[in-house]
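**Student:** Have a look at this one.
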Amino acid sequence: MCLALPAKIVAIDHALAMATAAVGEVKKDISIALLEDVQVGDFVLIHVGYALNKISPQEAEKTLQLFAEAGLTQELQP
Amino acid sequence: MKTESVNAIEGKISIILRRNENAPACVEVTSSRPVHAAKFLIGKTPEQALSIIPMLFSICGVAQSCAAISCIEQQLQLENAPGIHHARDLLVLAETAREHLLRIFLDWPRLFELEVNQQKLPFLSSLVNDFKSALFEQGQAFSLDSNMHDDISVAEALIDQLDCYLQDQVFCIPLQQWLEFKTVDSLHNWSKLTDCLAAHSILTICEHGWTTQGFCQLGQLPELNQQQLLDRFNAENASQFIQQPDWQGKQYETTSLSRQFNHPLIACLHREFDTSLITRWVARLVELAQIPQQMRALLQTINNTDNTQDAHSGQSAISQVEAARGRLIHHVKIEQQLITNYQILAPTEWNFHPQGLIAQSLVNIKAKDEQELKQLIRIMINAIDPCVGYHLDII
Numbered sequence: 000m001c002l003a004l005p006a007k008i009v010a011i012d013h014a015l016a017m018a019t020a021a022v023g024e025v026k027k028d029i030s031i032a033l034l035e036d037v038q039v040g041d042f043v044l045i046h047v048g049y050a051l052n053k054i055s056p057q058e059a060e061k062t063l064q065l066f067a068e069a070g071l072t073q074e075l076q077p
Numbered sequence: 000m001k002t003e004s005v006n007a008i009e010g011k012i013s014i015i016l017r018r019n020e021n022a023p024a025c026v027e028v029t030s031s032r033p034v035h036a037a038k039f040l041i042g043k044t045p046e047q048a049l050s051i052i053p054m055l056f057s058i059c060g061v062a063q064s065c066a067a068i069s070c071i072e073q074q075l076q077l078e079n080a081p082g083i084h085h086a087r088d089l090l091v092l093a094e095t096a097r098e099h100l101l102r103i104f105l106d107w108p109r110l111f112e113l114e115v116n117q118q119k120l121p122f123l124s125s126l127v128n129d130f131k132s133a134l135f136e137q138g139q140a141f142s143l144d145s146n147m148h149d150d151i152s153v154a155e156a157l158i159d160q161l162d163c164y165l166q167d168q169v170f171c172i173p174l175q176q177w178l179e180f181k182t183v184d185s186l187h188n189w190s191k192l193t194d195c196l197a198a199h200s201i202l203t204i205c206e207h208g209w210t211t212q213g214f215c216q217l218g219q220l221p222e223l224n225q226q227q228l229l230d231r232f233n234a235e236n237a238s239q240f241i242q243q244p245d246w247q248g249k250q251y252e253t254t255s256l257s258r259q260f261n262h263p264l265i266a267c268l269h270r271e272f273d274t275s276l277i278t279r280w281v282a283r284l285v286e287l288a289q290i291p292q293q294m295r296a297l298l299q300t301i302n303n304t305d306n307t308q309d310a311h312s313g314q315s316a317i318s319q320v321e322a323a324r325g326r327l328i329h330h331v332k333i334e335q336q337l338i339t340n341y342q343i344l345a346p347t348e349w350n351f352h353p354q355g356l357i358a359q360s361l362v363n364i365k366a367k368d369e370q371e372l373k374q375l376i377r378i379m380i381n382a383i384d385p386c387v388g389y390h391l392d393i394i
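So the sequence lines, in the order shown, correspond to chains A and B. For the first sequence, numbering that gives the first Met the number 0 gives the first residue as 0, with consecutive numbering after it. For the second sequence, numbering that gives the first Met the number 0 gives the first residue as 0, with consecutive numbering after it.
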């Protein structure tokens, strides 16, 4: 099954509908073509290069916590 | 969080195509996908599992939730209000439409070197939640006390909206008219006369002579007997079954093509081109074009359906759901109100099996140079499962 990662938007290029999203220390370039009104600081779910939808900081933290509890990662903070 | 943790969550599929001058090419497929993540649900209550699943498996969250609640309701021997299963099936169709449309608008321009039209996309991000709210009180479709709205007019209006969207943005003619194509010529004529992504992709495949690329003789995943499935999930080597599934020793395909195999247009393409790129490519469009009429059919039966499920309180429960990428199977056992076993078999594991569909299809790609080979491999993988991240090496 496919898992989407919660990530924080740290930079946006509106002209290209691209953004840089951070998951802890890891940064990924992603398309934000699917979303409207994305701002730096927003949390999104990302998967294979796309931001799928916006989520709250609380949802991001909860999801990362679930991944940690599931043994997929040891760290809890986005 | 570090790179290793991110890689562990996302999982990766590695595809190596080895070319030999005097022998057929060979393809190696290896996967590090977190196929056993569902074990995390062991020890949780059914209610906890139902709230965790859409967060953990958010890509096909509706199909995952649908399979989960079906298993849990069987295990708890719960009876639902009339029509609730059909309403959930309708949500799975909405998710399938969204997933197919996302890939058409986001991936196809890149594969065929066209510009992305971003105006078409925001409608999609709210599609599934709009249907949830239209059908269920508080949009709660997958809880043990879900209640449906009596009034289905909002859902009817959403289906009409989706129908218009597909007509305007994908097919450029009424869906029923497109679905009446029964010959290769009629499909080819439409693709020549229509200015849209779907037509352009088909025209490109035809004019580049790519129609028969990626021919594969693998069978379509048949109906799987519930008891035999239970035996596989309960066997000592169940972990192997979930990671690299087979059915009675054989590998199978489970994709849009598997579901559309009997549609007249697909049958015609299959006769002419077998299970190759063009047949597979058009199957996804056939599936998409049929979704509004399938939704209307489900909506009409919502008020008069007998929802009695087979109860499996003594043993464990199985649910099979046709998700966007293929058949998704959940296996759940509940004892004393706690989950004591949870296993998920995703369609990706069938299609990316080391001897499965991807491996067999990529072997049969013939290209004039490395650039075309890479483009064809990307198109072929997108036609099979566009949702999986992979790393490709050509040696």
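Glycine included, C-beta positions come from ideal geometry on N, C-alpha and C.
Do W107/B and L220/B count as a contact pair if the criterion is CB distance below 8 Å?
**Tutor:** Along the second sequence, one-based indexing puts residue 220/B at 221. Along the second sequence, one-based indexing puts residue 107/B at 108. No; because the gap between Cβ atoms is not below 8 Å, this pair is not in contact.
**Student:** If I'm right that K7/A touches G40/A with Cβ under 8 Å, what's the distance once you round it to whole angstroms?
**Tutor:** Position 8 of the first sequence, counted from the first residue, corresponds to residue 7/A. Position 41 of the first sequence, counted from the first residue, corresponds to residue 40/A. Indeed they touch by this definition, with Cβ atoms about 7 Å apart.
**Student:** Figure out for me which residue from V183/B, F214/B and A323/B has the closest Cα to the Cα of C205/B.
**Tutor:** As a working note, residue 205/B is residue 206 in the second sequence. Among V183/B, F214/B and A323/B, the Cα nearest to that of C205/B belongs to V183/B.
**Student:** Is the Cβ of K43/B closer than 8 Å to any Cβ of chain A?
**Tutor:** As a first step, residue 43/B is located in the second sequence; it is residue number 44 there, counting from the start. False, the Cβ-Cβ gap to chain A never drops below 8 Å.
**Student:** If you measure from the beta carbon of V25/A to each beta carbon in chain E, is any gap under 8 Å?
**Tutor:** Among the protein chains in the structure shown, which are A and B, there is no chain E.
**Student:** Can you check whether the CB of Y164/B is closer than 8 Å to the CB of F104/B?
**Tutor:** The count along the second sequence starts at 1 and reaches residue 104/B at position 105. The count along the second sequence starts at 1 and reaches residue 164/B at position 165. No, the pair does not count as a contact, with Cβ atoms beyond the cut-off.
**Student:** Of the residues L34/A, V43/A and F66/A, which one's Cα is nearest the Cα of K27/A?
**Tutor:** By one-based count along the first sequence, residue 27/A stands at place 28. When only C-alpha atoms are compared, the closest one is V43/A.
**Student:** Got a sec: which bits of the segment 7-23 of chain B sit with their beta carbon under 9 Å from any beta carbon on chain A, in order along the chain?
**Tutor:** A7, I8, E9 and G10
**Student:** Ignore the nearest five residues each way along the sequence and tell me which others in L77/B's own chain have a CB closer than 7 Å to its CB.
**Tutor:** Taking the first residue of the second sequence as position 1, residue 77/B is located at position 78. Excluding residues within five positions, the ones whose Cβ falls inside 7 Å are L143.
**Student:** Under the DSSP definition of a beta bridge, which residues are partnered with H46/A?
**Tutor:** Sequence index remark: in the first sequence, residue 46/A carries index 47 (1-based). Note: H46/A sits in a beta bridge opposite Y49/A.
**Student:** For A394/B, count neighbouring Cβ atoms within 10 angstroms of its own Cβ and tell me buried if that reaches 16, exposed if not.
**Tutor:** Walking along the second sequence from the start, residue 394/B turns up at place 395. Looking at the sequence provided, one finds Ile at residue 394/B rather than Ala. Exposed, because fewer than 16 other Cβ atoms sit within 10 Å of the Cβ of I394/B.
**Student:** Residues bridged to G325/B by DSSP?
**Tutor:** Taking the first residue of the second sequence as 1, we reach residue 325/B at position 326. Answer is A322/B.
**Student:** Could you tell me which of N363/B, I241/B and L120/B sits nearest to C25/B, measuring between CA atoms?
**Tutor:** On the second sequence, position 26 is the one that residue 25/B refers to. With distances taken between Cα atoms, C25/B lies closest to N363/B.
**Student:** Could one say the Cβ of V22/A lies closer than 8 Å to chain B's Cβ atoms, at least one of them?
**Tutor:** What you label residue 22/A is simply residue 23 of the first sequence in a count that begins at 1. Closer than 8 Å: yes.
**Student:** Would you give the residue range spanned by the beta strand (DSSP E) that A6/A belongs to?
**Tutor:** For the purposes of this step, residue 6/A is identified with residue 7 of the first sequence, where counting begins at 1. L4 to D12 is the span of the beta strand (DSSP E), which, as asked, contains A6/A.
**Student:** Going by C-alpha distance, which of S50/B, S315/B and A36/B is nearest Q227/B?
**Tutor:** Counted from its first residue, the second sequence places residue 227/B at position 228. For Q227/B, the nearest C-alpha among the options comes from S315/B.
**Student:** According to DSSP, is Q314/B part of a helix, a strand, or is it coil?
**Tutor:** Here residue 314/B corresponds to residue number 315 of the second sequence, with the count starting at 1. Coil, per DSSP.
**Student:** Which residues mark the beginning and the end of the alpha helix (DSSP H) in which K401/B is found?
**Tutor:** Absent from the structure is residue 401/B, since the part of chain B shown begins at 0 and ends at 394.
**Student:** What's the call for A234/B, buried or exposed, on a 16-neighbour Cβ count within 10 Å?
**Tutor:** To locate residue 234/B, count along the second sequence from 1; it is residue 235. Burial call: exposed.
**Student:** To which residues of the same chain is L256/B closer than 6 Å at the C-beta, ignoring the five residues directly before and after it?
**Tutor:** Reading the second sequence from its first residue, position 257 is the one you call residue 256/B. Correct list, in chain order: R279 and A282.
**Student:** Could you tell me which of Q242/B, N340/B and R324/B sits nearest to G10/B, measuring between CA atoms?
**Tutor:** Against the second sequence, residue 10/B aligns to sequence position 11. Ranking the options by Cα distance to G10/B, first place goes to Q242/B.
**Student:** Please state if the CB of L134/B and the CB of P453/B are separated by a distance shorter than 8 Å.
**Tutor:** An answer regarding residue 453/B cannot be provided, because it is not within the stretch 0 to 394 covered by chain B.
**Student:** How should R324/B be labelled, buried or exposed, when 16 other C-beta atoms within 10 angstroms of its C-beta is the threshold for buried?
**Tutor:** Position 325 of the second sequence, counted from the first residue, corresponds to residue 324/B. Buried, since its Cβ has 16 or more Cβ neighbours within 10 Å.
**Student:** Select from F351/B, D150/B and R87/B the residue whose C-alpha is nearest the C-alpha of R32/B.
**Tutor:** For the purposes of this step, residue 32/B is identified with residue 33 of the second sequence, where counting begins at 1. Selected option, being the one with the closest Cα: F351/B.
**Student:** Would you call V331/B buried or exposed, if buried means 16 or more other Cβ atoms sit within 10 Å of its Cβ?
**Tutor:** For the purposes of this step, residue 331/B is identified with residue 332 of the second sequence, where counting begins at 1. Per the 10 Å Cβ criterion, buried.
**Student:** State the CB to CB distance for the pair A50/A and L33/A, rounded to an integer number of angstroms; the pair is presumed to be in contact (CB under 8 Å).
**Tutor:** Taking the first sequence and counting its residues from 1, the one referred to as residue 50/A is at position 51. Taking the first sequence and counting its residues from 1, the one referred to as residue 33/A is at position 34. The Cβ separation is near 6 Å, so the contact holds.
**Student:** Near V37/A, which residues of its chain fall below 8 Å by C-beta distance, leaving aside the five closest residues on each side in sequence?
**Tutor:** Taking the first residue of the first sequence as position 1, residue 37/A is located at position 38. Around V37/A: I8, I11, A18, I31, V43, A50 and K53.
**Student:** Indicate the three-state DSSP secondary structure (helix, strand or coil) for G355/B in the structure shown.
**Tutor:** For this step, residue 355/B is matched to residue 356 along the second sequence. Of the three classes helix, strand and coil, the one that applies to G355/B here is coil, per DSSP.
**Student:** List, from N- to C-terminal side, the alpha helix (DSSP H) runs of 4 residues or more that fit wholly inside the segment 122-202 of chain B.
**Tutor:** Listed in chain order, the complete alpha helix (DSSP H) runs (minimum 4 residues) inside the segment 122-202 of chain B are 126-134, 152-165, 174-178 and 183-192.
**Student:** L123/B touches chain A at which residues, Cβ-Cβ below 8 Å?
**Tutor:** Locating residue 123/B in the second sequence gives position 124, where the first residue counts as 1. What L123/B touches in chain A: L33.
**Student:** Below 9 Å on C-beta distance, what does K61/A contact in chain B?
**Tutor:** Reading the first sequence from its first residue, position 62 is the one you call residue 61/A. Ordered by position in chain B, the residues that pass the 9 Å Cβ test against K61/A are M54.
**Student:** Looking only at its own chain, which residues have a Cβ that is under 6 Å from the Cβ of L161/B, when we skip the five neighbours before and after it?
**Tutor:** Counting from one through the second sequence, the residue named residue 161/B turns up at place 162. Excluding residues within five positions, the ones whose Cβ falls inside 6 Å are P291.
**Student:** Run the CB neighbour count on H85/B, radius 10 Å, all protein chains shown included, and call it buried at 16 or more, exposed below.
**Tutor:** As a working mapping, residue 85/B is identified with position 86 in the second sequence. When all chains shown are included, H85/B counts as buried.
**Student:** Would S57/B pass as an interface residue toward chain A - the criterion being a Cβ-Cβ separation below 8 Å?
**Tutor:** Taking the first residue of the second sequence as 1, we reach residue 57/B at position 58. Chain A has a Cβ within less than 8 Å of the Cβ of S57/B.
**Student:** Along chain A, in chain order, which residues have C-beta atoms closer than 7 Å to that of V5/B?
**Tutor:** In the second sequence, the residue the question calls residue 5/B occupies position 6. Under the 7 Å cutoff, chain A gives L4, V22 and V25.
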